[in-house]
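Engineer:
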Amino acid sequence: MGATFESNLAQAEKHLARFQGGVLGHFIGGEVVPGASGETFANNTPIDGSLINQVAAGAPEDVDQAANAAWEAFAEWGACSGEARRSVLHRIADAIEQRAEEIALVESWDTGQPLRFMSKAAVRGAENFRFFADRAPAAANGLSLPAAHHHNFTLRQPLGPVGVITPWNTPFMLSTWKIAPALAAGCTVVHKPAEWSPLTATLLAEICHAAGLPPGVLNLVHGVGEVAGRALTEHPHVKAVAFVGESRTGSQIMVQGAPTLKRVHFELGGKNPVLVFADADLDRAVDAVTFMIYSLNGERCTSSSRLLVQQSIYDAFVERVGERAARIRVGHPLDPATEVGPLIHPNHLQKVLSYFEVAGQEGACIAVGGGRPAGLAQGNYVAPTLFSQAKAQMRIAQEEIFGPVLTAVPFADEAEAVEIANGVQYGLAAYAWTRDLGRGQRLARALDAGMIWINSENNRHLPTPFGGMKASGIGRDGGDYSFDFYMETKNVCMAHDTHSVPALGR
Ligand code: NAD
C-alpha cells in the first residue's frame, strides 16, 4: 500500500482511469453487457462530489437475462464436486489478494471510507473466499439418524440461483461475505450492488471470471433498488434472496418475494448498545467505544451507537470518549492519517446532519461536533459527534443514524441498563464492559441481540454466527449457518425391510 497521501492519490488515479468518462455495464454470462434500456445513472465520489462515471441502470430485462444465465449455469456448477469448487474459490482469493491495493483504493474513492479500513476489508474479502472454499467439499454432508427399522440420513444440495443485494457501507467485503458461501454451496448468483457504490462489484465479477469461475455462475446487474433490486426479488428462477441493508427495505423485499415464495436472509439495521459498568477496565473500554462508533465513518451495521454508562462514572467516562472524538482526524479517505472520511452521499449527509437539530430539540447536549468540520466544505464531511445527557426514548437514542454520531445515556444499575439496551426496535449487536463474570453471563442471556461481545469490540471469527434479532434481521451467516441458507436439506429414510408395512384392501 502506498505510504503517502500523494502516492495513494497517484495509484488511485491509475486504477480509476478505466472507469472515468465511461458507462459501467452489467456482467452477465461471463461478459460485460450494456443495459437493455440504455438508461444510466451518475456515480459521484463523496470526496468532492465530482463525477466518476455513468452506470447502466438495470431494467427488468437485464435481471431476466442474468437470472436465465444463472439458471443455465446452475446445471453444471451445482453438480460439480466440492473439491472443484474449492480450487476455483481459492484462485479467486489469490486474485483478490493480488489486486487488494486496487480494490481498496477504488472502494475508498467510491465510498469515502478511509483507506486504512478499506485495505483490511479487501484482504478480508479474500479470507471470506478461502474460508468457504475450504468448507465446500463437506458442504453437502448431513447427519446419520438411525431408527429401529429404518436408517435416516440427511444430505444437502445447493438451492439454485440466488439473488444477493448489498449496501454501500463496505460493499466489497459484504459482497464476498454473501457470494463466497453461495458459490461454495454450489449456487449460482445474481448480484445487485448498491447504486451509490457500484465500482468494486465490477472488480469482483471480473476477478471471479478471470480466476476461472464458469460464465453465468456469478452475474452482476447494476441499478436502483426499486427497479433492478425489485425485479431480482420477483424473478421465478431466483430461489432465495440474501439481503443486507435497511430494515424497511427488508420488509419490502419480503412482500416482493412473497408470490414466488422466496427464501430470505436479512442482515438489517441496528442501534447497538455498549454498556459500560463502573467495575470495567475503563482504559480498554474507552478505546473500544471510540473505535466502534467512529471507525468506518460510523457507517457500520455493528457500530455501538448508544453508549450506556453507569451513573457513578458517567461524567468522567463520557468526557474521556469526548476528548477522543474531538481529536479524531477527519479528512480525505486516501490520506493515511485520516480516521473519518466523507459520508457516502449528500442525501445521507443531510440525514445525519438532521439529527443534530433533533438532538437540540430533544434537549440533549451536543458535547462534541454537531456540524461540518472546518476546511472541508466540498465533500460529504461531518464532524465526529457526541450527544450527552440523552434519554433512552429520544429519537437520537432510538433511530439508526449510520454516521460518526454517538448518543450517551446514563443508567443506575444492571436492570436499568438491560431495559434501556433492549428498549429499541433493533437487536443486531450488543457490547458490555464489566469485570464481574457473573454479570457478563447474565447480560449475555438478557440482551436482545444476535451477537454479544463482552469486554471486546466487534471481533469476528468466521465460523461463528452473524446476524440479528427483532428488526435487525432474519437468519445467520458464518460457518455452517451459511450453508443452511444456501442449501436444501433432504432427509432420506431407508427401511431395513424388517418392519411391518401397513396394508389396506389386502
Ligand atoms: P438500503 O436498504 O437502502 O439498500 C440496500 C440495497 O437494497 C441496495 O442495493 C439497494 O439498491 C437495494 N434496494 C433498495 N430497495 C429495494 C427494493 N425495493 N427491492 C430490492 N432491493 C432494493 O440500505 P443502504 O442504505 O444501502 O445501507 C445501509 C443499511 O444497511 C443500514 O441500515 C445498515 O445498518 C444496513 N447494514 C446492515 C448490515 C448487517 O449485517 N446487519 C451490514 C451492513 C449494512
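If you use our numbering, the sequence shown corresponds to residues 325 to 830, in order. Glycine included, C-beta positions come from ideal geometry on N, C-alpha and C.
#1: In this structure, how does DSSP classify V562 when only helix, strand and coil are distinguished?
#2: Give me the Cα-Cα distance between F441 and A754, rounded to the nearest whole angstrom.
#3: State the start and end residues of the unbroken alpha helix (DSSP H) segment that holds H672.
#4: Quick one: is the Cβ of S571 within less than 8 Å of any heavy atom of the ligand NAD?
#5: Taking its Cβ as the centre, do 16 or more other Cβ atoms sit within 10 Å of S575, making it buried, or is it exposed?
#6: State yes or no: is the C-beta of W520 nearer than 8 Å to some heavy atom of the ligand NAD?
#7: Can you give, in chain order, each stretch of the alpha helix (DSSP H) that sits fully within the stretch 492-552 and has at least 4 residues?
#8: Can you pull the DSSP bridge partners for M793?
#9: Going by the C-beta, is W492 closer than 8 Å to any heavy atom of the ligand NAP?
#10: Taking all protein chains shown into account, decide if A518 is buried (16 or more other Cβ within 10 angstroms of its Cβ) or exposed.
#11: Taking contact to mean at least 3 C-beta pairs separated by less than 8 Å, is the stretch 353-373 in contact with the stretch 450-465?
#12: On the three-state DSSP scale, how would you describe E337?
#13: Classify H559: buried if its beta carbon has 16 or more other beta carbons within 10 angstroms, exposed otherwise.
#14: What do you reckon, is the C-beta of K516 under 8 Å from a heavy atom of the ligand NAD?
#15: Taking the straight line between their C-alpha atoms, what separation do you get for K814 and E723?
#16: Out of W520, I489 and A417, which one is the CA nearest neighbour of H533?
#17: When DSSP labels each residue in this structure, what does N400 get in the three-state scheme?
#18: Kindly give me the distance between the Cβ atoms of G694 and P438, rounded to whole angstroms, as I take these residues to be in contact under 8 Å.
#19: Tell me whether D801 sits in a helix, a strand or coil according to DSSP, three-state version.
#20: By DSSP's criteria, G487 is part of a beta bridge. Which residues make up the other side?
#21: For the stretch 563-579 against the stretch 691-711, are there 3 or more C-beta pairs whose distance is under 8 Å?
#22: When the Cα of V701 is compared with those of V551, I427, T709 and V654, which residue comes out closest?
#23: My understanding is that V633 touches V610, with C-beta atoms under 8 Å, so please give their C-beta distance in whole angstroms.
#24: Can you list, in chain order, the stretches of the alpha helix (DSSP H) that have 4 or more residues and sit fully within the stretch 340-412?
#25: From the DSSP output, in three-state form, read off T584 for me.
#26: From W757 to H473, what distance separates their C-alpha atoms?
#27: Using 8 Å as the cut-off, classify the Cβ of E781 as near or not near the heavy atoms of the ligand NAD, replying yes or no.
#28: I'd like the list of long-range same chain contacts for M718, defined as Cβ closer than 7 Å, with 5 residues on each side in sequence excluded.
#29: Which residues bound the beta strand (DSSP E) around F477?
#30: For I489 versus G449, is the C-beta spacing smaller than 9 Å?
#31: In this structure, what does DSSP give as the bridge partners for F590?
#32: Please indicate yes or no: does the CB of S499 lie closer than 8 Å to some heavy atom of the ligand NAD?
#33: For the stretch 511-525 against the stretch 489-503, are there 3 or more C-beta pairs whose distance is under 8 Å?
#34: Taking Cβ to Cβ, would you say R415 is nearer than 9 Å to G536?
#35: Between the Cα of V548 and the Cα atoms of L667, S443, G382 and D804, which residue gives the shortest distance?
#36: For the alpha helix (DSSP H) containing R630, name the first residue and the last one.
Structural biologist: In short:
#1: Coil at V562, not helix or strand.
#2: Using only the alpha carbons, I get a separation of about 22 Å.
#3: Judged by DSSP secondary structure, H672 falls within the alpha helix (DSSP H) whose first and last residues are P670 to E686.
#4: Checking the Cβ of S571 against the ligand NAD gives yes.
#5: S575 is exposed by the Cβ-count criterion.
#6: Of the heavy atoms belonging to the ligand NAD, at least one sits nearer than 8 Å to the Cβ of W520.
#7: Counting whole runs of 4 or more residues, the stretch 492-552 contains the alpha helix (DSSP H) stretches 495-509 and 523-534.
#8: Answer by DSSP bridge pairing, in chain order: G751.
#9: As presented, the structure is devoid of the ligand NAP, carrying the ligand NAD as its sole ligands.
#10: So A518 ends up on the buried side.
#11: In this structure the stretch 353-373 does not touch the stretch 450-465; the number of beta carbon pairs closer than 8 Å is below three.
#12: For E337, the secondary structure class from DSSP, reduced to helix, strand or coil, is helix.
#13: Here H559 is buried, its C-beta having at least 16 other C-beta atoms within 10 Å.
#14: Yes, since a heavy atom of the ligand NAD falls inside the 8 Å radius drawn around the Cβ of K516.
#15: If I take the Cα positions, the gap works out to 41 Å.
#16: Minimum Cα distance to H533 is reached at A417.
#17: A small correction: the amino acid at residue 400 is Glu; Asn does not occupy that position in the sequence shown. In the structure shown, E400 falls within a helical segment according to DSSP collapsed to helix, strand and coil.
#18: Actually they do not touch by this definition, with Cβ atoms about 21 Å apart.
#19: In this structure, DSSP gives D801 an extended state, which the three-state scheme calls strand.
#20: Checking the DSSP bridge columns, you'll see G487 partnered with V514 and V565.
#21: They do not touch, by the three-pair rule.
#22: Before going further, note that residue 701 is Ala rather than Val in the sequence given. The shortest Cα separation from A701 among V551, I427, T709 and V654 belongs to V654.
#23: Contact between V633 and V610 fails: their C-beta atoms lie close to 11 Å from each other, not under 8 Å.
#24: Here the runs fully enclosed are 384-401.
#25: Three-state result, T584: helix.
#26: If you take the alpha carbons of W757 and H473, they lie about 53 Å apart.
#27: Flag unset: Cβ of E781 not near the ligand NAD.
#28: Sequence-distant partners of M718 (beyond 5 residues in either direction) whose C-beta falls short of 7 Å from its own C-beta, in its chain, are E686 and A688.
#29: For F477, the enclosing beta strand (DSSP E) covers residues H474 to P482.
#30: With respect to G449, I489 sits apart: the two C-beta atoms are not nearer than 9 Å.
#31: Under DSSP, F590 takes part in a beta bridge, and its partners are F567 and I798.
#32: Taken from the Cβ of S499, every heavy atom of the ligand NAD lies 8 Å or farther away.
#33: For the pair of segments examined, the stretch 511-525 was found to touch the stretch 489-503: the number of CB pairs separated by less than 8 Å reaches three.
#34: At a Cβ-Cβ threshold of 9 Å, R415 and G536 count as neighbours.
#35: The shortest C-alpha separation from V548 is found at G382.
#36: Residue range R630 to Q634 is occupied by the beta strand (DSSP E) that includes R630, with no alpha helix (DSSP H) assigned at that position.
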